[in-house]
Amino acid sequence: MPHRTETDSRKLLRRLRDEMSLSNPAQERLDRITTIIAESMGVEVCSIYLFRDPETMELCATEGLRPESVHLTRMRLGEGLVGKVARLARPVNTANAPAEPGFRYMPETGEEIYTSFLGVPIQRLGERLGVLVVQAKEPRLYSDDEIYGLEVVAMVLAEMTELGAFVGEGTSFATPHKHPTLLRGVTAQEGEAEGEVWLHEPRVVITNLVNDDSQAELARLEGAVAQLRVSIDQLLTNAGSRDKEHQEVLQTYRMFAHSRGWMKRMEEDIRRGLSAEAAVEKEQSAARARLETVPDAYLRDRLHDLDDLSNRLLRILTGQGSETGAEMPERPILVARNIGPGELLEYGRKLRAVVLEEGAVGSHATIVARALAIPLIINVPRITTEALNGDHILVDGTEGLVHLRPDDSITSAFRDKMAMQAKAQERYASLRDKPAQARCGTRITLKMNAGLMADLPSLPSSGAEAVGLFRTELQFLARDRMPKRSDLVANYTRVLDAAKEKKVYFRTLDIGSDKVMPYMKRPDEPNPAMGWRALRVGLDKPGVLRMQLQALIRAANGRALSVMFPLVATESEFTRAHDMLMREIAREQRLGHILPAKVEVGAMLETPSLAYAPKSFFDAVDFISIGGNDLKQFFFAADRENELVRRRYDTLNVAFLTFLQVIVDRCHESQTALSFCGEDAGRPIDALALAGIGISSLSMRPASIGPVKSLIRRANLNEVSELIARVQVRGLESARPALMDYVSTLVD
Ligand code: PEP
Ligand code: MG
C-alpha cells in the first residue's frame, strides 16, 4: 500500500536522517536513500537526478531502474518529464507517463515498463539542485498527500550538500553556488572594484532539519510567529506617520504574518517530520521558485516580502541575528537586496563596492554611495541568492557587470583594466596643482560636488578649487529623526573648517521628489519630481529652511557664506527666498551672533522657465548654478529616474546646447557668474562642450576632476565653440560625433 499518512512521512524522514548521518561512501548512502523512499512509498522506482551544470542533469542514484544507467543517463533542462520538473520548479504527476507531451524514453534505464510518474524539484532557496522521481507499473495518479510527502523528502535531500562529492567536481550539487556567474545590473555609481562578498543580511544556517517531536516543533513555530507578529506591530507603531510606502510594506508583512495558508503549510510540514526552521525554509524555497516565474512586478514584490518575512522568522527560530560572527573580509563588497542610507553610511568607506538586487538610480542609498565614491550597481537579479559570504567578486561599475566567483582569465583581464585606470589616475594626480587652462588660454574653474563630511578630504587631493555644490539634504536623509539646529551648526562648521580657504556653495534642502525624509509627513503625489519639492516646500512651510539658514549663518561665524536655492522656477520665488535669508541674518544680528563677512546668494537654474526670467532676476542673483540633472529632465520631459527614458536624450543634443547658450548669454549680459553642477559636468566630452559654449565653471564628482582637466588642457575652446556652431548650422541632432572626432585628434 502506498505511503499516505503523516506518521509514515515522519518515519521516512527519520530513516533518511539516520541514513544521512552514517559515514559510509556518499554513493552508497544515496543508493540507500532511493531504496528507503521506494519502499516507504510502495513504488518500484525511486531516482535522484542532479544538475551537472546549469543545463544538464544526470541520473545519480536509483532504486528500480537499471544500475548501469547511473551516471550515464543525462538530460537537458526542459527535456523529458524530469527536465520539465526542473524547468518549471514544480511537481509533475501523471498516471500515464508515455502519453505525456514531452515524454522522452531513455532505453538504457529500462523504464518502459513503468507507467506512473511523480517528480518533484530538489531545490534550496531558489537554487535548483535536481529532481526526485518515483515511478510505478500501476497506472495511477499520486495523491496530493503523496506529492506533499515527496516534496518534504526533497527538501531534506536538498540540504545534503555534503553528499555532492560523489558527482564530482564542478557540479552545482557538489559545490553549491560555486560556479562562475556573470550578472548584469544598472550602473548607479561608476568605478571598478575587486573583493570578497559581504552579505548585508547573511543567510541563516539550518543544521537541524528533521524533528523528533512534532508537538514541540509546532509550539516553537507558534512562539516564533507570535514574536514575529509583535515585532511587526511594533514596527508599524514606530513607523507612525512615516511615508505611505513604508507603511504599505509593513502592512503586507503583517498580512503575511497572519496568513492562515502560510501557517497551515508550515504546520503540515512539521507534522510530516520537518523541524520548524526547515518548514519555514521549505516555504521560502517554494516562494523563491515562484518568484522566478512570476512576470507581474507587483506580485514579485509581494513574494520578496514573504521571503524577507521568512528570514526574520528563521532568525527568531535559530537565534542567529545579522551578526553571525563572520569576519568582514579585507576587501568587502557589500551585497544586499536593498540598503538604507543610514546603514550604508555606517559601513562608510570600508566598502570597496556595493551590489544591490533592487535599488534605484536616484535612491538615498545611491546618493550616499555617490557621495562616498563607492562603485554601485543596482537591479542585479538573484545576487543575494547567488552570492555567499567570502565569494570572490569583481564589480565593473562602468559596464554594470558583476562577476561572481570569476575564473582566472576574467580576473586577470579585469585587473589589467583596473591597472590601466590606476595609471590614468596617477597622470591625473600629476595635474592636480595645474590649472584647467585650455590651449587657447581660457581658464575653466573646476569645483567638486559633495554632500557629506566624508567628502571633504577629497577637496585638496582632487585639485578642486571649491565645493561647487554641497547637497545639504544627505544629513537629513541619513537619520531617522529631524536634526536639531545645533546638529546642523556643528556639521556646517566642520565642513567650512575642512574646506579651509576654499569656498563651499551650500545648496539648501532639496527634499521631495526621490529624496524623502522618513520622519516628515508628505502628501502622496502623482509626479513627485514635478511636485512639492525643494524650495517650494521651503517657501510654503518655512520652519526647516529657516532653521537651516540660521545654522549656516552661525556656522560661517564671521567667514564668507555662499548659499544657493534649489529648483527656483520664477523670479518671485528667488526674491522670497532671498528675503527670508536677509530676515534671518537680521535676526541673528539681533541675537548677538557674529554675521558672515560676506554673503553670496544664488539660484539653481533647473527649470527652463528661469532662463527666461526678467533681467532684474539676473541682476539680483550673485550667481546661477545650472542643475543639469533636473534641467535636462524638464527640457526633454524625460524622467531622470526612469530607466526606460533617462538615457534617451543626449546632453550634447543641439537643442539642449542651444538652450544652454541662452542662459550663458543672459548671464553674460548681466555679468552674473554662471556654473554647471549636474552629473554631465563630470563627463570629459560633455564638460568640453559646456566649456566651449562659455560655461567657465563646472562642478562635478571629485574623481572626475582629473579626467576633465586633462582633456580641457589639451583642447582649444575656440575650436570647440566653432565646431558646435558648425553642427548647429548643419542642423545635426547632436554635437557628440563631431566632438568625439575632434577629441581623437588631440595629442596626449
Ligand atoms: C541637478 O539637478 O543637476 C543637481 C545638481 O541637483 P540634484 O542632482 O541634487 O537634483
Ligand atoms: Mg536638482
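Read in my numbering, the sequence shown has 103 at position 102, and its numbers run on one by one without any break.
Just so it is clear, CB atoms sit at the ideal spot from N, CA and C, and this is done for glycine as well.
- Taken in chain order, the whole beta strand (DSSP E) runs of length 3 or more contained in the region 623–709 are 624–627, 674–677, 698–701.
- A heavy atom of the ligand MG is found nearer than 7 Å to the CB of Pro567.
- Per DSSP, the beta bridge partners of Ala337 are Leu357.
- With a contact defined as Cβ atoms closer than 8 Å, Leu158 and Ile123 qualify at about 5 Å.
- For Phe624 and Lys424, the gap between their C-alpha atoms comes out near 37 Å.
- If you draw a straight line from the Cα of Cys441 to the Cα of Ile713, it comes to about 10 Å.
- Out of Thr367, Arg16, Leu335, the CA that lies nearest to the CA of Ala354 is found in Leu335.
- With fewer than 16 other CB atoms across the displayed protein chains lying within 10 angstroms of its CB, Ala638 is exposed.
- Leu377: not part of any alpha helix (DSSP H); member of the beta strand (DSSP E) spanning 377–379, first to last residue.
- The nearest non-hydrogen atom of the ligand PEP is 7 Å or more from the C-beta of Asp456.
- Across the structure, Glu223 and Gly274 are spaced so that their CA atoms are roughly 16 Å apart.
- Of the candidates Ser22, Ser215, Ser48, Ile49, the residue whose Cα lies closest to the Cα of Ser10 is Ser215.
- Rounded to the nearest whole angstrom, the C-alpha separation of Ser431 and Gln228 is 59 Å.
- Across the set Leu66, Val46, Ala87, the C-alpha of Ala87 shows the shortest separation from the C-alpha of Met58.
- For Tyr50, the enclosing beta strand (DSSP E) covers residues 46–54.
- Around the C-beta of Ser610, fewer than 16 other C-beta atoms lie within 10 Å, and the residue is accordingly described as exposed.
- Between the ligand MG and Gly452, a heavy atom-to-CB distance of less than 7 Å is absent.
- Going by C-alpha positions, Ala137 is about 15 Å away from Tyr106.
- When C-beta atoms of the region 461–470 are compared with those of the region 722–733, fewer than three pairs fall below 8 Å, so the two segments do not count as touching.
- Gly513 has its CB no nearer than 7 Å to any heavy atom of the ligand MG.
- By alpha-carbon distance to Thr571, the top candidate from Gly120, Gln28, Pro458, Ala614 is Ala614.
- If you look at Trp199, you'll find it in the beta strand (DSSP E) that goes 193–200.
- Your pair Ile375 and Leu352 checks out as a contact, with CB atoms roughly 5 Å apart and the cut at 8 Å.
- Looking at the backbone, the Cα of Met264 and that of Glu644 are separated by about 38 Å.
- The Cβ atoms of Val564 and Leu546 lie no closer than 8 Å to each other.
- Pairwise C-beta distances place the region 517–532 out of contact with the region 587–599, as fewer than three of them are shorter than 8 Å.
- Per the Cβ contact rule, the region 653–663 is not in contact with the region 704–718 (fewer than 3 Cβ pairs under 8 Å).
- Arg472 counts as buried, since no fewer than 16 other beta carbons sit within 10 angstroms of its beta carbon.
- Ordered along the chain, residues surrounding the ligand PEP are Leu470, Arg472, Asp511, Glu607, Gly628, Gly629, Asn630, Asp631, Cys678, Gly679 [Cβ under 6 Å from any heavy atom].
- Contact annotation: the region 49–66 does not touch the region 11–27, with fewer than three C-beta pairs closer than 8 Å.
- When secondary structure is reduced to three states using DSSP, Met329 falls in the coil class, being assigned neither helix nor strand.
- The way I'd put it, the region 178–187 does touch the region 379–397; three or more beta-carbon pairs between them come closer than 8 Å.
- With a cutoff of 8 Å on beta-carbon distance, Asp620 and Ser671 are scored as near each other.
- Counting other Cβ atoms within 10 Å of its Cβ, Ala100 stays below 16 and is therefore classed as exposed.
- Look at Asp234 here: in three-state DSSP terms it is helix.
- If you keep only unbroken beta strand (DSSP E) runs of at least 3 residues inside the region 39–103, you get 46–54, 57–64, 75–77, 93–95.
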